Amino acid sequence: PAQARIIDGKAAAAELRAGIGREVAAIKAAKGLVPGLHVVLVGDDPASRVYVASKEKLAAEIGMNSVAHRLPAETTEAELLAKIAALNADDAVDGILVQLPLPKHIDTGRIIDAIDPAKDVDGLHPINAGLLAGGKNGLVPCTPLGCMLLLKQTLPSLSGLDAVVVGRSELVGRPVAQLLLQADCTVTIAHSRTRNLAEVVRRADIVVAAVGRPLMIKGDWLKPGATVIDVGINRMPDGKLAGDVDFAEAATVAGAITPVPGGVGPMTIACLLRNTLTAFHARRGK
Ligand code: NDP
Numbered sequence: 002p003a004q005a006r007i008i009d010g011k012a013a014a015a016e017l018r019a020g021i022g023r024e025v026a027a028i029k030a031a032k033g034l035v036p037g038l039h040v041v042l043v044g045d046d047p048a049s050r051v052y053v054a055s056k057e058k059l060a061a062e063i064g065m066n067s068v069a070h071r072l073p074a075e076t077t078e079a080e081l082l083a084k085i086a087a088l089n090a091d092d093a094v095d096g097i098l099v100q101l102p103l104p105k106h107i108d109t110g111r112i113i114d115a116i117d118p119a120k121d122v123d124g125l126h127p128i129n130a131g132l133l134a135g136g137k138n139g140l141v142p143c144t145p146l147g148c149m150l151l152l153k154q155t156l157p158s159l160s161g162l163d164a165v166v167v168g169r170s171e172l173v174g175r176p177v178a179q180l181l182l183q184a185d186c187t188v189t190i191a192h193s194r195t196r197n198l199a200e201v202v203r204r205a206d207i208v209v210a211a212v213g214r215p216l217m218i219k220g221d222w223l224k225p226g227a228t229v230i231d232v233g234i235n236r237m238p239d240g241k242l243a244g245d246v247d248f249a250e251a252a253t254v255a256g257a258i259t260p261v262p263g264g265v266g267p268m269t270i271a272c273l274l275r276n277t278l279t280a281f282h283a284r285r286g287k
């Protein structure tokens with residue numbers, strides 16, 4: 002059977018980072034300024050530690066001023082709010098990212114609300130979410146932005162295509178649906194209460210899967226030739242990672258598909274760096 006084109010997110014992310022690196026170098030040469038990304042980690046969750054280290058390393062690699070603030074698990078909400086207030090007030094700080102999840106004694110919403118929306122490189126502040134819902138982009142969440150860049154490099158035009166997003170989280174499903182709508186797709190958002198999900202997915206020229214259930218979307222759920230973006234990252238019993246889409250089946254039906262790992266994942270951090278540069282330009286790059 003025909004094999005889908007594999008969308009190489011690792012290569013796309015490397016190219017995106019290289020371009021951002023060139024821009025950072027040009028800014029430094031022209032203005033003597035260095036965009037700064039500050040990541041705040043509270044506690045010692047092992048997965049979060051790995052994510053923060055990787056964000057810190059990749060930001061430094063492209064020449065940004067990359068700072069990780071590692072705070073103890075006992076940090077109080079008031080102490081974290083004071084940290085954010087200090088970063089908000091510091092003109093050399095362009096991007097602030099608070100690594101989630103936070104310890105249970107801290108109210109995540111209250112922390113995100115405290116970040117200056119102009120420095121909110123995760124795009125999760127209600128002001129940025131509201132701008133996106135109104136079709137006016139502020140800072141856009143990184144994973145949805147990465148999905149769109151992969152779609153735009155894969156398809157000649159998105160206009161008029163039927164897109165089905167499976168999942169409606171604040172972090173992925175909702176914002177990616179908004180971006181698809183902005184790109185003139187006809188958008189359906191499916192979720193756990195959707196009836197006849199397979200039939201809904203079968204209408205799609207573009208499928209974005211952001212569910213968190215390994216291999217849920219089967220090959221015969223897809224319209225032949227569809228473009229499939231698999232956001233899911235699921236750890237299997239054998240230790241390997243799998244997406245929300247049954248890749249082996251889907252690759253025989255789809256026109257193009259992202260692998261897991263090596264698809265959307267690498268784009269997420271690259272888009273965080275992109276957002277930091279966007280925030281820099283909006284605040285002090287003029
Ligand atoms: P959430 O758990 O917040 O949201 C999952 C969504 O899937 C919900 O809207 C839920 O519906 C829906 N859902 C659950 N079960 C079903 C079902 N049986 N049929 C249809 N819809 C269903 O997850 P996230 O959006 O945060 O993440 C989704 C996946 O993406 C995870 O695997 C996560 O690890 C991965 N991820 C990957 C990133 C990357 O960089 N590649 C970044 C962020 C996430 P309802 O709202 O009705 O409950």
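Counting in full-length UniProt numbering, the sequence shown runs from 2 upward without gaps. From the three backbone atoms N, C-alpha and C, an ideal C-beta is built for every residue, glycine too. Note that the structure is a prediction, hence the values are computed from the model and not measured.
9 Å Cβ cutoff met for residue i and residue j
i      : j      : result
VAL232 : ALA210 : yes
LYS120 : GLY147 : no
ILE207 : LEU181 : yes
ALA12  : ALA251 : no
LEU38  : VAL53  : no
ASP185 : GLY213 : no
Residue i to residue j span [Cα, whole Å]
i           : j      : result
ALA31       : PRO262 : 38 Å
ALA283      : GLY33  : 17 Å
LYS84       : VAL99  : 11 Å
GLN183      : PRO215 : 29 Å
ALA227      : PRO238 : 29 Å
LYS56       : PRO36  : 14 Å
PRO176      : ARG169 : 8 Å
PRO225      : GLY110 : 41 Å
ASP247      : GLY220 : 7 Å
GLU164      : LEU59  : Sequence inspection shows Ala at residue 164; the Glu mentioned does not correspond to that position. Approximately 32 Å between the Cα atoms of the pair.
ALA61       : ASN276 : 15 Å
ALA19       : ALA191 : 35 Å
THR269      : GLY10  : 10 Å
LEU133      : THR279 : 15 Å
SER67       : ARG196 : 46 Å
residue 304 : ALA26  : For residue 304 there is no data in the structure shown, the boundaries of the chain being 2 and 287.
ALA69       : GLN154 : 32 Å
THR76       : ILE7   : 44 Å
ARG23       : CYS272 : 15 Å
PRO145      : VAL167 : 13 Å
HIS106      : LEU274 : 30 Å
ASN235      : LEU103 : 21 Å
ASP114      : ALA86  : 11 Å
PHE281      : ALA243 : 35 Å
LEU17       : ILE128 : 26 Å
LEU125      : CYS143 : 10 Å
ALA178      : SER193 : 16 Å
VAL40       : SER49  : 11 Å
ALA130      : MET149 : 17 Å
GLY240      : ASP123 : 28 Å
ARG287      : ALA15  : First, the residue type needs correcting, since residue 287 is Lys and not Arg in the sequence shown. Near 27 Å, if we compare the C-alpha coordinates of ALA15 and LYS287.
LEU101      : ALA249 : 32 Å
VAL51       : GLY135 : 35 Å
THR253      : GLY174 : 25 Å
Contact set for residue i: own chain, Cβ-Cβ below 7 Å, skip 5 residues either direction
i      : result
TRP222 : ALA199, VAL202 and ARG203
ASP108 : GLU78
ASN63  : Note on residue identity: the sequence assigns Ile, not Asn, to residue 63. Contacts found: ARG18, ILE21, GLY22, VAL25 and LEU274.
Close-in-space but distant-in-sequence residues of the same chain around residue i (CB under 8 Å, 5 per side omitted)
i      : result
ARG285 : LEU34, ASP92 and ASP95
ASP45  : ALA74
LEU151 : ILE8, GLY10, ALA13, ILE230, THR259, GLY264, VAL265 and MET268
ARG71  : LEU42 and VAL53
LYS29  : VAL35 and GLY64
ILE112 : GLU78, LEU81, LEU82, ILE85, VAL99 and LEU103
PRO47  : none
Contacts around residue i, its chain only, beta-carbon distance under 6 Å, and the 5 residues preceding and following it disregarded
i      : result
ASP117 : ASN89
LEU162 : CYS186, ASP206 and ILE207
>> So, does the stretch 70-81 touch the stretch 252-266, judging by three or more C-beta pairs under 8 Å?
In response: no
> Between the stretch 154-163 and the stretch 136-144, do at least 3 Cβ pairs fall closer than 8 Å?
Replying inline: no
> Can you list, in chain order, the stretches of the alpha helix (DSSP H) that have 4 or more residues and sit fully within the stretch 36-108?
Replying inline: If we require 4 residues or more, the alpha helix (DSSP H) runs fully inside the stretch 36-108 come out as 47-62 and 78-90.
> Residue ranges of each alpha helix (DSSP H) run of no fewer than 4 residues wholly in the stretch 192-262, ordered along the chain?
Replying inline: Whole alpha helix (DSSP H) segments, 4+ residues: 198-203 and 248-251.
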